[in-house]
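Residue numbers (full-length UniProt numbering): 1 to 262. Shown next, in structure tokens, is the structure this report addresses.
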């Protein structure tokens, strides 16, 4: 595969039961409030020259504490794709919520790509407020602060191509410095929306998820995704179980564990 053209995979590592009313901002119709489970993923973009991991999931200990169904370590599962963590030079951190940065210490040489606004918020005066504080694990935040002091965090302010064919877009909205990732593949661009849209329905119905840092920016994030998409673009939400249904496993033994998005 040529430089700048990638295969993209999603790894499912955890899940939880939930109701539809938990996933949409504002009033919900009681008649629509059925079961709507949530999956947890990390993503991988792999070419002949680069392997880029997007987000790092959480640990089993965090899953137990937060009552999530932990299925497997997402980082160990990278081995099923022939990926060694010591060969990963870039980990894109879409944002610093607990389900996205819980295993960064398992990447011994990677640079961590983060929007500057995200680090500024989680090391600022309001991070300790109850409704924000519950979204992170202290040790995860401290680890990323330490890695910054070691020169291993590359900060972005807005839009930047990280390696040929992979670009991040800062949006805010769900978190202060949320970013999504566009990846070039042979089948067209893949946009890994992360928590810009937890479910297909959030984006398709213009109904934001209820964990909100800035509602206006959350809507604008939907608009930005559209503006950098075309008819061939594959949009992938951050937590929708339909991802595992819409895309195939790369091999029969990985059914229900990993899907190949493009």
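Idealized CB from N, CA, C, for every residue including glycine.
For the set 109, 66, 95, 97, the Cα lying nearest the Cα of residue 85 is the one of 109. Residue 82 counts as exposed, since fewer than 16 other beta carbons sit within 10 angstroms of its beta carbon.
Taking the CA atoms as reference points, residue 164 sits about 43 Å from residue 34. Taking C-beta atoms under 8 Å as the contact rule, residue 238 and residue 194 qualify, at a distance of about 4 Å. The distance from the Cβ of residue 243 to that of residue 39 is about 7 Å, consistent with a contact at the 8 Å cut-off. For residue 197, the secondary structure class from DSSP, reduced to helix, strand or coil, is coil. Residue 257 and residue 93 have their C-alpha atoms some 21 Å from each other.
Cβ contact annotation for residue 200 (same chain, cutoff 7 Å, sequence separation greater than five): 237, 240, 242, in chain order. In this model, residue 204 and residue 235 are separated by some 11 Å (Cα to Cα). In the three-state reduction of the DSSP assignment, residue 245 falls in the helix class. Contact fails between the region 181-198 and the region 119-138, because fewer than three Cβ pairs, one in each stretch, are under 8 Å apart. In the three-state reduction of the DSSP assignment, residue 35 falls in the strand class, which pools E and B. When the Cα atoms are used, residue 47 and residue 8 turn out to be separated by approximately 9 Å. Just so you know, the alpha carbons of residue 116 and residue 89 end up roughly 19 Å apart. For secondary structure counted as the alpha helix (DSSP H) over 4 or more consecutive residues, the region 17-93 holds these complete runs in sequence order: 60-66, 74-77. Only exposed fits residue 26, as fewer than 16 other CB atoms lie within 10 angstroms of its CB. For the pair residue 210 and residue 22, the CB atoms are nearer than the 9 Å cut-off. When the beta-carbon positions are compared, residue 169 and residue 153 stay at least 9 Å from each other. Burial check for residue 62: the Cβ neighbour count within 10 Å reaches 16 or more, so the residue is buried.
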